[in-house]
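Let me begin by presenting the structure, written as structure tokens, before commenting on it.
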DNA sequence: CTTGACCTTGACGCTGCGTCAGGGTCGTAG
DNA sequence: CTACGACCCTGACGCAGCGTCAAGGTCAAG
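Chains as they are written, first to last, in the working numbering: chain Z, 10 to 263; chain B, 10 to 263.
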């Protein structure tokens, strides 16, 4: 007759695990000897090895109990289901791997590759780091809500970076955002240039964006981010409104 | 300013998760409004999305905290380590899949395929089911301790099944095990036949088994299984001893 | 004023055991 | 005979990462 320690070592599990299986009703409690020790026969080793085999195959213990008692058909069906679960877990891990592979660089935390490329292009063009950071944070918010639209947005933004007029405008907006006060006298002129560029592209862009529209909440969040980020925000929105454009993130003709 | 519910929905997590991240120090507790509600700015959304991105990539929360604060080099090293872990988990699931694939048939619970094949061959040859079951349980014990030796054991056993003399002996032992009493008068004659077959193969088999020897404990366990299983066991061991062979599972010249 | 949707803290539940704590028991060695 | 180390016993807490009540307070709309 075996003690619990011997049983456990034959089956390759810990003593604690054996007691746990007793508690869960997976393995029947054996007779006790006169000092209260559990005493097992060799059949218990076989049972325990069966339990361990299923458990090691990733079967939850609650199902192990069913499986040990199941007829061959039910057993086969259960095995099939468990295999499905394992496959799903493998797919999940694979997705995680590709995801963390993208995390190698700092920006890509929570951003798709095309957004990382866009931010890198901004850096190449000499935009200041804090402007890139602000853009990054805004795009993280968009990517979380509208991941499918990110390629479209990024293609559009990258195109704008290659237009010298727009590029100059962006640079100046960057300077204004980080260095000007809300009452800076240069703001109206900047608003004029911005309105001109909006009017040049608005009609085609609005169609592209309409396919997968931002929720009102996301628009409000991005507007709030802008207002939090710079003292010129409120004034700039006012100036745009005076010029016939309402909003910021999602501009509309007033 | 956002409530906890809005924050959570922007980041795609549950309210409970946000509070949990606060509790774990992953996300700083924000200001409260006059009624005690937490109020968040949009930067909190970005932080929360970062946390969620790492957590979804399978990073344990304790490491998420480090990672959010880590410099790029440490971050890259940590990412590498996490990737290793994911790969290991994938390999583990793959092993589990192959393992449960073997479980499709009942015997293969805890047995390698060659053992299943051996048991199937026994069935083909008309051995009674309970004898096959007894063999199966014994081999489960061996496979748990000496998995690498199973091909060798099974090759040996399968060879023996194809020898007509040994086959007849095995059938008769099976009958004796399940149907005779310990004092059956036919036992001495059966012991004579068994000894003859042992002596025919012992010297070569003993070398094969010596490469990866059974522990004394395993031998004792298998002997105990035999003694538990049939009333003829004790007498048979006696008769073998009279004929110069000690033991059962592991026979030695006395 | 009521309703229903939110917010608050606190506590327990889940898996599969690991790890004390605070005992008793066994076998062997001195 | 006693001491020692290696076992055994039960009971309880701990772990991750939240989900899910419980028992309230708050807010916006009708």
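Think of the CB as a built atom: it goes at the ideal place given N, C-alpha and C, for glycine as much as any other residue.
Residue i versus residue j: straight-line alpha-carbon distance, rounded
i                      : j                      : result
residue 180 of chain Z : residue 56 of chain B  : 27 Å
residue 47 of chain Z  : residue 237 of chain B : 18 Å
residue 323 of chain Z : residue 195 of chain Z : Nothing in the structure corresponds to residue 323 of chain Z, since chain Z is present only between 10 and 263.
residue 89 of chain B  : residue 82 of chain Z  : 44 Å
residue 220 of chain Z : residue 157 of chain Z : 11 Å
residue 102 of chain B : residue 43 of chain Z  : 44 Å
residue 233 of chain B : residue 67 of chain Z  : 32 Å
residue 188 of chain B : residue 93 of chain Z  : 45 Å
residue 79 of chain B  : residue 35 of chain B  : 13 Å
residue 119 of chain Z : residue 40 of chain B  : 25 Å
residue 76 of chain B  : residue 111 of chain Z : 15 Å
residue 191 of chain B : residue 214 of chain B : 29 Å
residue 153 of chain B : residue 21 of chain B  : 46 Å
residue 131 of chain Z : residue 170 of chain Z : 8 Å
residue 58 of chain Z  : residue 10 of chain B  : 58 Å
residue 13 of chain Z  : residue 38 of chain Z  : 11 Å
residue 50 of chain B  : residue 91 of chain B  : 31 Å
residue 159 of chain Z : residue 253 of chain Z : 28 Å
residue 151 of chain B : residue 151 of chain Z : 59 Å
residue 133 of chain B : residue 250 of chain B : 33 Å
residue 243 of chain B : residue 86 of chain Z  : 43 Å
residue 71 of chain B  : residue 184 of chain Z : 39 Å
residue 144 of chain Z : residue 239 of chain Z : 13 Å
residue 193 of chain Z : residue 182 of chain Z : 13 Å
Closest residue to residue i among the options (Cα-Cα distance)
i                      : options                       : result
residue 202 of chain Z : Z:191, Z:213, Z:177 and Z:82  : Z:177
residue 140 of chain Z : Z:150, Z:151, Z:149 and Z:128 : Z:128
residue 264 of chain B : Z:19, Z:12 and Z:13           : Absent from the structure is residue 264 of chain B, since the part of chain B shown begins at 10 and ends at 263.
residue 197 of chain Z : Z:248, Z:227 and Z:191        : Z:248
residue 258 of chain Z : Z:64, Z:224, Z:252 and Z:212  : Z:224
residue 325 of chain Z : B:27, B:61 and B:71           : Outside the shown range of chain Z, which is 10 to 263, sits residue 325 of chain Z, and nothing can be said about it.
residue 53 of chain B  : B:175, B:252 and B:17         : B:17
residue 95 of chain Z  : B:96, B:104 and B:254         : B:104
residue 63 of chain Z  : B:106, B:160 and B:45         : B:106
residue 167 of chain Z : Z:65, Z:37 and Z:125          : Z:125
residue 121 of chain B : B:229, B:149, B:222 and B:263 : B:149
residue 173 of chain Z : Z:243, Z:14 and Z:206         : Z:206
residue 146 of chain B : B:230, B:184 and B:218        : B:230
residue 209 of chain Z : Z:69, Z:175 and Z:99          : Z:175
residue 217 of chain B : B:138, B:162 and B:135        : B:162
residue 245 of chain B : B:263, B:228 and B:199        : B:199
Boundaries (first-last residue) of the alpha helix (DSSP H) holding residue i
i                      : result
residue 236 of chain B : 225-238
residue 127 of chain B : 122-133
residue 165 of chain B : 159-170
residue 154 of chain B : 138-154
residue 5 of chain Z   : Examination of residue 5 of chain Z is not possible in this model, given that chain Z is present from 10 through 263 alone.
residue 174 of chain B : 173-188
residue 212 of chain B : 196-219
residue 78 of chain B  : 70-78
residue 22 of chain Z  : Where residue 22 of chain Z is concerned, there is no enclosing alpha helix (DSSP H), given that its DSSP letter is neither H nor E.
Residues bridged to residue i (per DSSP)
i                      : result
residue 262 of chain Z : Z:254
residue 49 of chain B  : B:11
residue 41 of chain Z  : Z:47
Residue i: CB within 8 Å of a non-hydrogen atom of the ligand ATP
i                     : result
residue 71 of chain Z : This structure does not include the ligand ATP; it has no bound ligands of any sort.
Problem set entry | Interface residues of the stretch 212-225 of chain Z facing chain B [CB-CB below 9 Å] | none
For this session: Output, in sequence order along the chain, the residues in the stretch 137-158 of chain Z whose CB is closer than 9 Å to any CB in chain B.
Result: 145, 146, 147, 149, 150, 152, 153 and 154
Problem set entry | Residues in the stretch 226-238 of chain B having any Cβ partner in chain Z nearer than 7 Å | 230, 233, 234 and 237
For this session: Please list the residues of the stretch 28-47 of chain Z that have a C-beta atom closer than 7 Å to any C-beta atom in chain B, keeping them in chain order.
Result: none
Exercise. When Cβ atoms are compared, which residues of the stretch 82-100 of chain Z fall closer than 8 Å to chain B?
Worked result: 84, 85, 88, 91, 92, 95, 96, 98 and 99
Exercise. The stretch 174-203 of chain B: which residues have C-beta closer than 8 Å to a C-beta of chain Z, in chain order?
Worked result: none
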